[in-house]
Structures are given as structure tokens and as C-alpha cells.
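Novice: Chains as they are written, first to last, in full-length UniProt numbering: chain A, 1 to 156; chain B, 1 to 156.
Number of protein chains: 2
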Amino acid sequence: MDPERLDPLDQAILRVLADDARATFAQVGEAVSLSAPAVKRRVDRLRERGVIRGFTVRLDPAALGWHTEAFVEIFCQGSTSPATMRAAVERYAEVVSASTVTGDVDLVVQVRARDMRHLEEVVERLAAEPFVARTRSTIVLSALVRRPEALPAPDA
Amino acid sequence: MDPERLDPLDQAILRVLADDARATFAQVGEAVSLSAPAVKRRVDRLRERGVIRGFTVRLDPAALGWHTEAFVEIFCQGSTSPATMRAAVERYAEVVSASTVTGDVDLVVQVRARDMRHLEEVVERLAAEPFVARTRSTIVLSALVRRPEALPAPDA
DNA sequence: GATGAAATTTTTATGCC
DNA sequence: GGCATAAAAATTTCATC
């Protein structure tokens with residue numbers, strides 16, 4: 001799973017790019033004491049290795065019309081394969097994340113909606129999926145921390 | 001909250017950048033039928049407006065040493081302010097997201113850890129926070145969908 | 001095996017229409 | 001918003017440690 005460990009320079013580069021993925025190679029290089037070409041070569045290699053999956057934009061959900069968020073816990077009927085759950089849930093533009101979990105709940109789906117009315121509609125659609133026995137929703141009141149980007153793990 | 005609605009061109013640009021934030025303005029322009037300078041002006045404006053908060057890198061958690069994930073539900077003693085919760089939870093490098101929620105639980109914290117041993121240690125640290133009465137953890141078995149980037153909301 | 005300096009190509013950033 | 005241009009950055013080449 002860790003074919004080659006990331007050296008401290010790679011980690012530093014990733015931290016800079018996590019903060020600003022459009023920083024120039026020269027800027028990253030300045031932060032980590034490396035020349036622009038050296039940074040580019042390391043970034044290219046991190047992409048080849050799959051450590052870097054891509055680059056994306058961080059957007060303000062509210063500015064895009066998403067004013068409501070919730071965790072929808074789903075209890076499945078009988079045994080449903082993760083592949084089935086995934087295929088179903090993937091089709092929802094409103095689904096942020098979906099995870100199978102331990103415990104009495106089978107699936108936790110994080111949903112974004114325009115408003116309560118929209119959220120209700122999404123939950124109803126989810127509840128109507130053939131493998132869904134029952135749902136339980138928890139509304140997000142306040143998003144205190146949102147840090148989706150994985151950073152190099154702190155040392156043990 | 002929506003000072004000016006995003007027109008379809010802005011939405012298209014954001015979708016391209018969500019997929020590849022390092023695409024050149026010319027590439028984005030080709031996808032949305034606009035010249036490179038026109039794209040740049042719109043992107044600059046979207047940043048000024050705060051719709052675009054920044055650019056970041058998508059990394060493979062496993063390649064970085066994160067092999068375990070969990071939802072830790074936290075019950076608070078008495079009444080704790082969101083600011084207090086936030087300040088506490090923010091200091092954890094392992095915290096991906098934290099949200100105050102409706103229902104019997106007060107706070108849902110999404111945690112990433114190197115392994116079960118590390119997760120246990122993080123949960124113990126959280127449980128020892130002064131405002132925490134009790135925690136309940138749910139381990140993520142399989143991450144079916146991970147789509148952190150907010151995209152333009154589908155029309156009503 | 002990885003780096004830095006220099007040369008070349010491409011992109012970005014601006015002024016103008 | 002497009003076009004043209006100057007400035008900056010990315011990318012390639014090449015020599016070095």
C-alpha cells in the first residue's frame with residue numbers, strides 16, 4: 001500500500017499544493033528549497049505513483065445554492081452488496097459521500113441540498129431505493145471543520 | 001447569499017476546474033466555447049466573489065498512510081458553544097470534518113487514522129476533552145463515494 | 001538518481017477594439 | 001467578449017554532483 005515512502009520533500013510539496021494547487025513550480029520550490037524543474041519532476045512522479053490523483057477547485061457551497069446538509073443513515077434489507085449500494089447512491093448529484101459502516105446502520109450517506117424541501121425529496125428518493133429498509137436523517141446545523149484533502153499522516 | 005446567480009457559462013467553467021484545476025484557460029475555454037482571456041476574467045471574478053475559495057490537490061489517503069476512517073459522535077456536557085467545539089477539534093490533524101447536528105448527538109466528527117490503534121488513540125483524546133460527556137464511534141468499512149467538491153446545484 | 005542552469009515553448013496577464 | 005502583445009511560467013535539454 002506504501003510502495004515507496006514519501007520523503008520529507010515530497011510531503012512538503014504536497015502540503016504547499018494542498019494549500020494552493022495553482023502555485024507555480026518556482027513558488028513551491030521556494031517554499032521547499034528546490035528549483036522549479038526539480039519540483040515539477042517530483043510532482044510528475046507523485047502523479048504517476050497515484051499519490052496525487054488530480055487537482056480540483058474549492059468552492060463555497062452556499063454560493064452554489066447548497067444551503068442544507070445532512071447525514072442520512074440507511075438500513076438495508078437482507079444483505080445488499082456494496083457495489084449495489086454504490087451504483088445506486090452514485091447517481092445522486094446531492095450525495096457528497098457514502099460509506100458502508102460497522103454497527104446497526106449499513107450505510108451512511110452525506111447529502112447536500114438546496115433547502116429542507118429539497119433534502120426531504122432526496123431522502124424520499126433514497127428511501128424508495130429497493131434495497132433500503134429504513135432511513136434516519138441527521139441535519140447538519142453548523143459545519144465547524146471541512147478539510148477533505150488528505151495530508152501526509154503525522155508520524156507515529 | 002446568492003448576490004448574483006451563476007450563469008451557465010460560469011457553471012460550466014467550475015465543472016471543468018473541479019475535474020482538473022490545472023487545466024489551462026485555453027483548455028477550459030475550448031470546453032465552454034470561450035477565449036482564454038474571457039475564461040481568466042470569469043475565473044478571477046469567481047474568486048473575488050468568493051465562489052472559488054482556492055485550488056487544491058486530490059490525494060490518495062492510503063498512499064499517505066491513512067488506512068482507517070471513522071465517524072465519532074460526541075455527546076457534550078451541559079451546553080458547549082460551537083466555537084469551543086471547533087477550537088478543540090480543529091487542533092486534530094486526524095479530523096477531516098466536524099459538524100454540529102440535530103438529534104441526541106451534539107457533534108459528528110469524521111476522523112482519519114493510520115490504523116485501528118491510532119484511531120483508538122484519537123478517540124481517547126477526543127473523549128478526554130473537557131466538554132465531552134461520551135462518544136460513540138462507527139468505523140468506515142468501505143468508502144463508496146467521495147465527492148468533497150461542491151458543484152453547481154441542479155435546477156429545482 | 002536527482003539536481004540546477006539555460007534554452008525553448010506555452011501560458012498568463014493586459015491593453016485595446 | 002475577442003484579439004494582439006508583453007511578461008511570466010512551464011517544459012525540455014543538458015551538464016553536474
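Note that beta-carbon positions come from the ideal geometry of N, C-alpha and C, so glycine has one too.
Any beta-carbon of chain A closer than 8 Å to the one on residue 148(B)?
Specialist: Working through the second sequence from its first residue, we reach residue 148(B) at position 148. Closer than 8 Å: yes.
Novice: Compute the distance between the beta-carbons of residue 14(B) and residue 152(B), then report whether it is under 8 Å.
Specialist: By one-based count along the second sequence, residue 14(B) stands at place 14. By one-based count along the second sequence, residue 152(B) stands at place 152. Yes, they are a contact pair.
Novice: How many angstroms separate the CA atom of residue 26(A) from the CA atom of residue 12(A)?
Specialist: Taking the first residue of the first sequence as position 1, residue 26(A) is located at position 26. Taking the first residue of the first sequence as position 1, residue 12(A) is located at position 12. Their backbone Cα atoms lie some 14 Å apart in a straight line.
Novice: On a Cα-Cα basis, can you pick out the residue from 111(A), 40(A), 6(A), 38(A) that is closest to residue 136(A)?
Specialist: Translated into positions along the first sequence, residue 136(A) becomes position 136. Minimum Cα distance to residue 136(A) is reached at 111(A).
Novice: Would residue 68(B) and residue 115(B) qualify as a contact pair, given that the criterion is a beta-carbon distance under 8 Å?
Specialist: Indexing the second sequence from 1 puts residue 68(B) at position 68. Indexing the second sequence from 1 puts residue 115(B) at position 115. Yes, Cβ-Cβ distance for residue 68(B) and residue 115(B) is below 8 Å.
Novice: Alpha carbon to alpha carbon, how far is residue 98(A) from residue 108(B)?
Specialist: The residue given as residue 98(A) occupies position 98 in the first sequence. The residue given as residue 108(B) occupies position 108 in the second sequence. Their backbone Cα atoms lie some 15 Å apart in a straight line.
Novice: Going by DSSP, which residues form a beta bridge with residue 54(A)?
Specialist: Within the first sequence, numbered from 1, the residue matching residue 54(A) stands at position 54. Paired residue(s): 58(B).
Novice: Under 7 Å between beta-carbons, which chain A residues line up against residue 139(B)? List them in chain order, please.
Specialist: For the purposes of this step, residue 139(B) is taken as residue 139 along the second sequence, with counting starting at 1. Neighbours of residue 139(B) on chain A, chain order: 101, 102.
Novice: Considering only the beta carbon of each residue, do residue 100(B) and residue 82(B) sit closer than 8 Å?
Specialist: As a working mapping, residue 100(B) is identified with position 100 in the second sequence. As a working mapping, residue 82(B) is identified with position 82 in the second sequence. Residue 82(B) is positioned such that its CB atom lies closer than 8 Å to that of residue 100(B).
Novice: On the three-state DSSP scale, how would you describe residue 110(A)?
Specialist: Taking the first residue of the first sequence as position 1, residue 110(A) is located at position 110. Residue 110(A): strand per DSSP, three-state reduction.
Novice: I'd like to know whether the C-beta of residue 56(A) is nearer than 8 Å to at least one C-beta of chain B.
Specialist: Translated into the one-based positions of the first sequence, residue 56(A) becomes position 56. It does; some Cβ of chain B falls within 8 Å.
Novice: Is the region 61-81 of chain A touching the region 124-131 of chain B in the sense that three or more CB pairs, one from each, lie closer than 8 Å?
Specialist: The region 124-131 of chain B, when compared against the region 61-81 of chain A, does not touch it at the 8 Å Cβ threshold.
Novice: Could you tell me whether any Cβ in chain A is nearer than 8 Å to the Cβ of residue 52(B)?
Specialist: Residue mapping note: residue 52(B) aligns to position 52 of the second sequence, counting from 1. By this cut-off, residue 52(B) is an interface position.
Novice: Under 8 Å between C-beta atoms, does residue 126(A) make it to chain B?
Specialist: Residue mapping note: residue 126(A) aligns to position 126 of the first sequence, counting from 1. With 8 Å as the cut-off, residue 126(A) does not count as an interface residue toward chain B.
Novice: Using a Cβ-Cβ distance under 8 Å, would residue 9(B) count as near chain A?
Specialist: The count along the second sequence starts at 1 and reaches residue 9(B) at position 9. Answer no: the Cβ-Cβ gap between residue 9(B) and chain A never drops below 8 Å.
Novice: Taking only the alpha-carbon atoms, compute the straight-line gap between residue 77(A) and residue 48(B) and give it to the nearest angstrom.
Specialist: Here residue 77(A) corresponds to residue number 77 of the first sequence, with the count starting at 1. Here residue 48(B) corresponds to residue number 48 of the second sequence, with the count starting at 1. Rounded to the nearest angstrom, the two C-alpha atoms are 48 Å apart.
Novice: So that I know if they touch, is there some Cβ in chain A lying closer than 8 Å to that of residue 116(B)?
Specialist: For the purposes of this step, residue 116(B) is taken as the residue at position 116 of the second sequence. For residue 116(B), the answer is no, since every Cβ of chain A falls outside 8 Å of its Cβ.
Novice: Along chain A, in chain order, which residues have C-beta atoms closer than 8 Å to that of residue 44(B)?
Specialist: For this step, residue 44(B) is matched to residue 44 along the second sequence. Here the premise fails: no neighbours, minimum Cβ distance about 12 Å.
Novice: Please give me, in chain order, every unbroken run of the beta strand (DSSP E) with length at least 3 that falls completely inside the region 20-104 of chain A.
Specialist: Within the region 20-104 of chain A, the complete beta strand (DSSP E) runs of at least 3 residues are 52-59, 68-76, 95-101.
Novice: Buried or exposed: residue 42(B), going by 16 or more other Cβ atoms within 10 Å of its Cβ?
Specialist: Along the second sequence, one-based indexing puts residue 42(B) at 42. Under this definition residue 42(B) is a buried residue.
Novice: According to the neighbour-count rule (16 or more other Cβ atoms, all chains shown, within 10 Å of its Cβ), is residue 37(B) buried or exposed?
Specialist: Here residue 37(B) refers to the residue found at position 37 when the second sequence is read from its first residue. Flag for residue 37(B) reads exposed.
Novice: Rounding to the nearest angstrom, what Cα-Cα distance links residue 141(A) and residue 19(A) in this structure?
Specialist: Within the first sequence, residue 141(A) is the residue found at index 141, counting from 1. Within the first sequence, residue 19(A) is the residue found at index 19, counting from 1. Straight-line Cα distance between these residues: approximately 26 Å.
Novice: Contact check, residue 74(A) vs residue 132(A) under 8 Å by CB: the rounded distance?
Specialist: Counted from its first residue, the first sequence places residue 74(A) at position 74. Counted from its first residue, the first sequence places residue 132(A) at position 132. At roughly 6 Å, the Cβ-Cβ gap stays under 8 Å, so residue 74(A) and residue 132(A) are in contact.
Novice: Could you give the distance in angstroms between the alpha-carbon of residue 6(A) and the alpha-carbon of residue 45(A)?
Specialist: Residue numbering aside, residue 6(A) sits at position 6 when the first sequence is read from its first letter. Residue numbering aside, residue 45(A) sits at position 45 when the first sequence is read from its first letter. So the two alpha carbons sit approximately 11 Å from each other.
Novice: Closer than 7 Å between beta carbons: that is the criterion. Which residues of the region 80-94 of chain A meet it against chain B?
Specialist: 82, 85, 86, 89, 90, 93
Novice: Below 8 Å between beta carbons: does that hold for residue 64(A) and residue 150(B)?
Specialist: The residue you call residue 64(A) lines up with position 64 of the first sequence. The residue you call residue 150(B) lines up with position 150 of the second sequence. Against a cut-off of 8 Å, the Cβ pair of residue 150(B) and residue 64(A) comes out as a contact.
Novice: Rounded to a whole number of angstroms, what is the C-alpha to C-alpha distance between residue 34(A) and residue 119(A)?
Specialist: The residue you call residue 34(A) lines up with position 34 of the first sequence. The residue you call residue 119(A) lines up with position 119 of the first sequence. If I take the Cα positions, the gap works out to 48 Å.
Novice: Smallest Cα separation from residue 138(A): which of 123(A), 148(A), 144(A), 146(A)?
Specialist: The sequence position of residue 138(A) within the first sequence is 138, counting from 1. When only C-alpha atoms are compared, the closest one is 123(A).
Novice: Candidates 145(A), 17(A), 22(A), 24(A): which alpha carbon is nearest residue 87(B)'s?
Specialist: Here residue 87(B) is taken as the residue at index 87 of the second sequence, counted from 1. Residue 145(A) is the option with its Cα nearest to residue 87(B).
Novice: In chain B, which residues lie less than 9 Å from residue 176(A) when you measure between Cβ atoms?
Specialist: Missing from the structure shown is residue 176(A); chain A here goes from 1 to 156 and no further.
Novice: Run the CB neighbour count on residue 29(B), radius 10 Å, all protein chains shown included, and call it buried at 16 or more, exposed below.
Specialist: As a first step, residue 29(B) must be located in the second sequence, where it is residue number 29. Burial call: buried.
Novice: What separation, rounded to the nearest whole angstrom, lies between the Cα atoms of residue 93(B) and residue 60(A)?
Specialist: Within the second sequence, residue 93(B) is the residue found at index 93, counting from 1. Within the first sequence, residue 60(A) is the residue found at index 60, counting from 1. Our two residues, residue 93(B) and residue 60(A), have alpha carbons roughly 22 Å apart in a direct line.
Novice: Kindly indicate which three-state DSSP category residue 153(A) falls into: helix, strand or coil?
Specialist: As a first step, residue 153(A) is located in the first sequence; it is residue number 153 there, counting from the start. Coil, per DSSP.
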